[in-house]
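Numbering (the working numbering), first residue to last: 1 to 242.
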């Protein structure tokens with residue numbers, strides 16, 4: 001039953017990731033924490049994220065990538081991931097789940113701030129946003145909504161957002177696994193769980209990619225906003241019920 005639940009969770013997470021370019025960790029981190037403790041769920045999410053990111057790179061619309069924004073995001077993201085990994089390694093086990101809930105809820109709330117702020121489209125802001133996402137990703141495998149709300153605020157188009165996010169999360173996910181492996185470690189069971197969950201993750205990502213080609217920009221923005229709001233509600237509900 002636990003594996004079936006986990007498979008359903010990563011399938012839904014894959015659909016969201018394939019359609020929007022983000023959201024896999026937001027859904028999977030919340031859902032898998034009901035199946036396994038954070039010490040197991042977080043590395044499983046990171047491993048699945050990394051493989052899904054590599055798969056998405058093959059079908060990427062490279063013409064939509066914006067190097068000016070992407071390079072700064074990635075530099076900040078790698079730095080933040082390193083610090084986030086070190087930060088969580090000193091966190092007492094009893095605090096891990098509340099910290100994870102807080103991370104998911106705060107990141108989701110940030111994405112609900114529907115603002116138009118083209119003045120934030122600077123190298124410094126890109127690096128800062130990347131650092132913040134990396135910090136949360138390294139610690140808890142979440143944080144994507146921060147960069148999504150930044151892209152929306154500066155006026156980026158859905159195709160560009162999705163393409164940039166696919167590359168950015170591939171870099172951050174690789175950094176998160178690379179930093180976590182020699183410091184905190186990745187349980188042997190996590191590799192096995194991730195391997196068993198790859199088929200539903202792939203299937204969901206493929207389905208999400210097909211859906212992306214069928215929705216217009218307005219619907220894409222609505223789906224992104226509703227998905228993040230749903231993540232916030234689920235995070236709050238889990239905190240209240242646990």
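All residues carry an ideal CB built from backbone N, CA and C; glycine is no exception.
Using a threshold of 7 Å, state whether the C-beta atoms of residue i and residue j are closer than that.
| i | j | result |
| --- | --- | --- |
| residue 39 | residue 197 | no |
| residue 167 | residue 147 | no |
| residue 141 | residue 29 | yes |
| residue 172 | residue 137 | yes |
| residue 73 | residue 130 | yes |
| residue 217 | residue 158 | yes |
| residue 42 | residue 179 | no |
| residue 52 | residue 205 | yes |
| residue 19 | residue 211 | yes |
| residue 35 | residue 59 | no |
Along the chain, where does the alpha helix (DSSP H) that runs through residue i open and close?
| i | result |
| --- | --- |
| residue 131 | 123-140 |
| residue 152 | 144-153 |
| residue 9 | 2-20 |
| residue 36 | Careful: residue 36 lies outside any alpha helix (DSSP H) and carries neither H nor E. |
| residue 173 | 158-183 |
| residue 210 | 188-212 |
Let me confirm a value: residue i is counted as buried when at least 16 other C-beta atoms fall within 10 Å, else exposed. Which label applies?
| i | result |
| --- | --- |
| residue 61 | exposed |
| residue 193 | buried |
| residue 227 | buried |
| residue 54 | exposed |
| residue 68 | exposed |
| residue 4 | exposed |
| residue 189 | exposed |
| residue 81 | buried |
| residue 150 | buried |
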